[in-house]
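Visitor: In the working numbering, the protein residues as written are 2 to 1210. By construction, the Cβ of each residue, glycine as well, lies at the ideal position given by its N, Cα and C atoms.
#1: Quick check on the burial criterion: 16 or more other C-beta atoms within 10 angstroms. Buried or exposed for residue 1?
#2: Compare the C-alpha of residue 53 against each of 59, 913, 789 and 105 and name the closest.
#3: Taking the alpha carbon of residue 260 as the reference point, which residue from 767, 558 and 306 has its own alpha carbon closest?
#4: Tell me whether residue 660 sits in a helix, a strand or coil according to DSSP, three-state version.
#5: Touch check for the segment 396 to 411 and the segment 329 to 338: three-plus C-beta pairs under 8 Å?
#6: Is the number of C-beta pairs between the segment 575 to 583 and the segment 513 to 531 that are closer than 8 Å three or more?
#7: For the 8 Å Cβ check, are there 3 or more pairs between the segment 699 to 716 and the segment 774 to 792?
#8: Run the proximity test for residue 667: is its beta-carbon closer than 7 Å to any non-hydrogen atom belonging to the ligand HEM?
#9: State the start and end residues of the unbroken beta strand (DSSP E) segment that holds residue 61.
#10: Hey, quick one: how far does the beta strand (DSSP E) through residue 165 stretch, first residue to last?
#11: Assess, as a yes-or-no matter, whether the segment 490 to 509 is touched by the segment 590 to 600 under the definition of 3 or more beta carbon pairs within less than 8 Å.
#12: Is residue 850 helix, strand or coil by DSSP?
#13: Taking C-beta to C-beta, are residue 995 and residue 1003 nearer than 8 Å?
#14: Quick one: residues in its chain with C-beta nearer than 8 Å to the C-beta of residue 71, no 5 flanking neighbours on either side, listed in chain order?
#15: Does the Cβ of residue 731 have 16 or more other Cβ atoms within 10 Å, making it buried, or fewer, making it exposed?
#16: How would you write the range of the beta strand (DSSP E) that residue 334 sits in, first residue to last?
#17: Shortest alpha-carbon distance to residue 661 belongs to which of 671, 650, 84 and 654?
#18: With DSSP as the reference, identify every bridge partner of residue 676, one or two as the case may be.
#19: Just to confirm the assignment, what range does the beta strand (DSSP E) spanning residue 409 have?
#20: Would you check if the distance between the CB atom of residue 718 and the CB atom of residue 643 is smaller than 8 Å?
#21: Between residue 747 and the rest of its own chain, which residues show a CB-CB distance below 6 Å, the 5 nearest in sequence each way excluded?
#22: Leaving out the 5 sequence neighbours to the left and right, which residues in its chain are closer than 7 Å to residue 317 when beta-carbon positions are compared?
#23: Leaving out the 5 sequence neighbours to the left and right, which residues in its chain are closer than 7 Å to residue 343 when beta-carbon positions are compared?
#24: Where are the beta strand (DSSP E) runs, 3 residues long or more, that stay fully inside the segment 761 to 833, in chain order?
#25: Where DSSP assigns a beta bridge to residue 696, which residues make up the other side?
#26: Using the three-state DSSP reduction, which class does residue 398 fall into: helix, strand or coil?
#27: When burial is assigned at 16 or more other CB atoms within 10 Å of the CB, is residue 447 buried or exposed?
#28: Quick one: Cα of residue 44 to Cα of residue 56, how far?
#29: How many Å lie between residue 462 and residue 436 at the Cα?
#30: Does DSSP classify residue 490 as helix, strand or coil?
#31: Compute the beta-carbon to beta-carbon distance between residue 267 and residue 238, rounded to the nearest angstrom, for a pair I have assumed lies under 8 Å.
#32: Residue range of the beta strand (DSSP E) that residue 67 falls in?
#33: Is the beta carbon of residue 185 sitting closer than 8 Å to the one on residue 299?
#34: In chain order, what residues of the same chain have a beta carbon less than 6 Å from the beta carbon of residue 223, not counting five sequence neighbours either side?
#35: By Cβ distance below 6 Å, which residues in the same chain neighbour residue 292 in space, the five residues on each side in sequence not counted?
#36: Which word fits residue 840, buried or exposed, when buried means at least 16 other C-beta atoms lie within 10 angstroms of its C-beta?
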């Protein structure tokens, strides 16, 4: 096959093209040759609705043939009738459908002639049908009696087959037909016997001619059936074939046609028809019968169907028979046809003509359309053969052979062309061919020559013929180069020569690189519903890029390029993307690349993995009381083998429609012996598991009920729960429904006091608990619980030890003593109560304490009790967070789950002095370039007798570098201010003030400030007494353009919360006029009043919160009364406590050296107690330890604030 490249005009020869070597070369029209009929009509019908009718006859030859026609064997002049239209150089003519055209009916033959001979067509029959019509006639009514036989004749008109006949009434309703009433092949309606219901006056016969598009109707016929006086029973009589035909008849059928044998009989009762083949056997396929058994039909008749067939009509009275002798004949068929060809001068000619048929056909030879006259023909002629020797140019002719019998005529023509010419090379010169490496190349050299020419091929400049093993020269001149390589490219020449002359052409061959493909991944395995991307990587010759095409196939079928299923499968050039992979996506995907020269394929097998299909066909066998065998058929594993089967069950009594796992079967087993429990109505299902996941469950099996039995086990987890004193509540885990084993489940509870020789107390209960009253408090009992049902008891139960109800202890701890460790921490010791006085499980001891008075002022306090609990058999504990320099009372009691026992006698102890808390504030009252006046407040809690204050200061700057700390000791404990001199000008300082007792100094309050620059105006203080009632106070002794600090303080300068201060700057004189009279404006007065009222409200709220009584946190106490003995507390454990939930500590105390942050730990008794206090560890020790070390010098505090005097004045 050749293709022309659009850009270079290169003729391409694909490797798979090979010319048929057996085919004769067609003579070029440029060479003189005999006429050859190329197209002709066959039997044709001139339908009346057609406008015209075309009779075709076309022929080729050189010179151009002329055409003549015969009609019914006589010459027919196409110009004899103006309705015939002809064409130049054609034998075809058209008959226009005008007027009467019946005279055109006949058998036509076309003759095409030139100087060399005449070609003849087969006969062409033109049929001109008439319009079929029933004759107008008067049909007399038929009067018959009941039981008579009747024939209604149709006698349809002649027309073009096929013919369809219908019997209907005037309303176009079909006349019902059966064994009694039926229609013959000719269309007549036969009644084997008539009934009164057959009477009607509208029996109509309709004849339909589909090819003529015509339906005609016969005049209606009347049939009258009268009642007979007697029953006319009679044996069958054949109406078709009629009795006049005798007992047998002959039937001839054409081989390959349809055999129809018909028998119709009359009689009463209605006869039944049957068929047999008398000679030989019936065909293998039972012959088809039609028309209620009255017609025997055999399609595609063969010689084996020849023989004698018998039909039998029978009823209760008798029978009738007829035999058909069937003969199978056939029209002529060729065994050997004469074949034409091109012959050189001097050659010999033999033409054979043999045909078969039944009857045997006759053979007639013709020369140029005329019978051969043996007297003038120089060759030999016989029935089957014609021979000529030493052919000459004038022997060129058309020989015709006709075979004829009564079933038809067949014609074969042989053109004998005797030529003597030099070779003609029909392939164009300079053709360009291309193929790819490894494929075959075919270079064409089509030659016509007589005598035959010698052909050879050369390459490039060589004159030697090509003879290597991978070259092959075909008889038609084509050169094949097998398994081409790059070096096969070049120029080739084809040489043809005979005795008359020689010719040559050239051809050019290019070898391209073969196309290569790789699909990745090669054989992917993907889970169902996941995605897969296949990529096709291609390499091809750059010269072929314009013709390169890529497509995808699945299992041999083309995948559409515009994707499928709503974009689930997407093709994008060299990629194939499948999202949400389905099982049907599995298969072999092939990437196909094609160019103008070659095709390449690469494939990948996509394997889709999925969970198995559900198992099927569950069967139960080997039925036992406690087991049954379940078998099933495994579903498709979907490329991942089943590694486990899960058998589930459902029972319809306790948990209907709830499926539970029973057992698992490893591997691919499809049967399992299932362990069963008594008294359960089971049904089972199976779930298959593979590496992908679990299948859907199978359909449930049939139900299988096991018989009841006594219990196999007793209740578990037998226990005695907390109850009232003198009461014991025994509880246990009830048996699961599947463990009941039968109806009527109860529990037999047995108990007796341990260590006492007595009989067991027993009671049967249905619930899973039993309460026993009037028992001793907290004594051990032996307890047994046994399961019982209607079929018996469970196994002998085990004995469980339990205790009767608890009570509170009835004794108080003795020997309570207190060891004071420091000002906030004491350790308590006691002697535990005897075990027999506990009256239950000892949960621990509770220490209660309360403050009675302060040692500083001697005031008595309202007793506010606190407590800590210590779990277990403890006899000591730590009490933290006490107030220093105070007197306390303390008691200890034991407790059980029922509550606390009596408290011990109170023990009085006192805490020593501690360090004071931080002073309330530190403020700068006055400042100058080298001095400053400081004021501070008393500590909220002195925690002892104040001995004085430590004032410290140091230089600070913006780079976080600090200077050395200077100390000033204020020995007067009542002093609340200090003038500090000797400071540097324009320097920022940080000041610290600490209160001290005999135990040490507390935390410092801090303040920062900047001294004035050298030469600047010193700051002074202007004080005005303000009465509490006014809302504002004017001050007139101020200078314009100067910055002032305004403070509102209480007269004693102590209450920090009473200070209000702000920085203001008076306006210059240039702006004074702008604001004249503003104080007299109403809106300004209202605004000032609102601000003053809001300020007073805020001060009142703060004062109430500061003085509010109630509980306080350890953090507040530490801030106000620091304990110098607690400064080195780190992570030592000195006391532990846990409530019943054994929760961990929420926090721990920190060092009081200035690292405690205002938002940090807020440790208090609430953080360690149970209920109102905080939590401790199980050993009762408090996290942290107090030591007696005093606070080291510190210069930092989180309580510092910045002074409000200006830093830039």
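Guide: According to the data block:
#1: An answer regarding residue 1 cannot be provided, because it is not within the stretch 2 to 1210 covered by the chain.
#2: The residue from 59, 913, 789 and 105 with its alpha-carbon nearest to that of residue 53 is 105.
#3: Cα-wise, what sits closest to residue 260 is 306.
#4: When secondary structure is reduced to three states using DSSP, residue 660 falls in the coil class, being assigned neither helix nor strand.
#5: Taking 8 Å as the limit for Cβ pairs, the verdict is that the segment 329 to 338 does touch the segment 396 to 411.
#6: Under the Cβ criterion (8 Å, minimum of three pairs), the segment 575 to 583 counts as touching the segment 513 to 531.
#7: Counting Cβ pairs under 8 Å, three or more are found: they touch.
#8: The ligand content of the structure shown is nil, which means the ligand HEM is not present either.
#9: Here the beta strand (DSSP E) through residue 61 covers 58 to 63.
#10: Element bounds for residue 165: 165 to 169.
#11: Segments in contact, no.
#12: In the three-state DSSP reduction, residue 850 falls in the strand class (E or B).
#13: Residue 995 places its beta carbon less than 8 Å from that of residue 1003.
#14: Excluding positions up to five away in sequence, the list reads 77, 109, 110 and 112.
#15: For residue 731, the number of other beta carbons within 10 angstroms of its own is at least 16, and it is reported as buried.
#16: Boundaries of the beta strand (DSSP E) around residue 334: 320 to 337.
#17: Of the candidates 671, 650, 84 and 654, the one whose C-alpha sits nearest the C-alpha of residue 661 is 650.
#18: Answer is 628.
#19: 409 to 419 is the span of the beta strand (DSSP E), which, as asked, contains residue 409.
#20: No.
#21: The beta carbon of residue 747 sits closer than 6 Å to the beta carbons of 765, 767 and 789 from its chain, once the five residues preceding and following it are set aside; these are given in chain order.
#22: 270.
#23: Beyond the five residues adjoining it in sequence on each side, residue 343 comes within less than 7 Å, by CB distance, of 28, 418, 420 and 451 in the same chain, given in chain order.
#24: Entirely contained in the segment 761 to 833, the beta strand (DSSP E) runs reaching 3 residues are, in chain order, 762 to 766, 770 to 774, 781 to 790, 801 to 804, 815 to 821 and 827 to 832.
#25: BP columns for residue 696 are empty, so no partner.
#26: In this structure, residue 398 counts as strand in the three-state DSSP scheme.
#27: By the 10 Å Cβ count, residue 447 comes out buried.
#28: So the two alpha carbons sit approximately 10 Å from each other.
#29: Each residue's alpha carbon lies about 22 Å from the other.
#30: When DSSP states are grouped into helix, strand and coil, residue 490 belongs to the coil group.
#31: At roughly 5 Å, the Cβ-Cβ gap stays under 8 Å, so residue 267 and residue 238 are in contact.
#32: Residues 67 to 72.
#33: The Cβ atoms of residue 185 and residue 299 lie no closer than 8 Å to each other.
#34: Leaving aside the five residues that flank residue 223 on each side, the residues in its chain whose CB is nearer than 6 Å to its CB run, in chain order, 142 and 202.
#35: The beta carbon of residue 292 sits closer than 6 Å to those of 183, all from its chain and outside the five residues before and after it, given in chain order.
#36: Around the Cβ of residue 840, a 10 Å sphere holds 16 or more other Cβ atoms; the residue is buried.
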